[in-house]
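First up is the structure itself, then whatever we jot down about it.
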Amino acid sequence: MTRKRKLVQDQLIPDEITPVMLLKLSKKASTLKDCAAAFRIAVAGMLELPTKQAYIRTYGSIDAVTEALYDADQLAQGIIDAGFAIETMITKPLKSRELIMLDDLRRSLETDTEPDTGQTPGNVDPTTGEIH
Numbered sequence: 001m002t003r004k005r006k007l008v009q010d011q012l013i014p015d016e017i018t019p020v021m022l023l024k025l026s027k028k029a030s031t032l033k034d035c036a037a038a039f040r041i042a043v044a045g046m047l048e049l050p051t052k053q054a055y056i057r058t059y060g061s062i063d064a065v066t067e068a069l070y071d072a073d074q075l076a077q078g079i080i081d082a083g084f085a086i087e088t089m090i091t092k093p094l095k096s097r098e099l100i101m102l103d104d105l106r107r108s109l110e111t112d113t114e115p116d117t118g119q120t121p122g123n124v125d126p127t128t129g130e131i132h
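full-length UniProt numbering applies: residue 1 is where the sequence shown begins, and numbers increase by one.
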């Protein structure tokens with residue numbers, strides 16, 4: 001069985017061209033990640049252990065300042081993750097929409113009951129089309 005190799009021309013053509021109107025936002029989206037990453041690096045130099053749980057296991061408790069550092073570090077990681085998502089949405093809006101639709105579809109196929117509403121995820125509201 002031989003593998004079919006892509007031609008050089010095929011490899012140079014992007015999957016999706018970024019709309020020009022969104023290009024000016026690309027740097028701003030990247031800045032979100034960069035600032036959060038710099039913050040995490042600074043915080044990591046101040047923390048003795050990698051997680052808040054490890055700190056509590058080691059020392060038995062945690063003071064408010066140290067806990068705030070661990071929590072802020074966790075929030076910064078969330079900002080990095082969100083920054084990647086935003087950057088993807090800006091640079092490849094069609095692909096990101098496809099990923100969102102796939103995620104919506106996966107959630108709609110779940111069968112567990114939601115504790116707050118008692119509804120089964122996957123129910124579609126007939127008036128709005130919203131997936132619960």
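For each residue, glycine too, the CB sits at the ideal point set by N, CA and C.
Assigned exposure category for residue i - 16 Cβ within 10 Å defines buried
i             : result
tyrosine 59   : exposed
aspartate 73  : buried
glycine 83    : buried
glutamate 110 : exposed
threonine 91  : buried
leucine 69    : buried
alanine 36    : buried
Terminal residues of the alpha helix (DSSP H) in which residue i lies
i             : result
threonine 51  : No alpha helix (DSSP H) holds threonine 51; DSSP gives it neither H nor E.
isoleucine 80 : 64-91
serine 26     : 20-44
CB contact flag (residue i, residue j, <8 angstroms)
i                : j             : result
glutamate 87     : serine 26     : yes
phenylalanine 39 : alanine 64    : no
isoleucine 62    : lysine 52     : yes
lysine 28        : isoleucine 80 : no
glutamate 16     : leucine 102   : no
Within-8 angstroms CB hit, residue i to chain D
i           : result
tyrosine 55 : Considering every chain present, this structure includes no chain D. It has just one protein chain.
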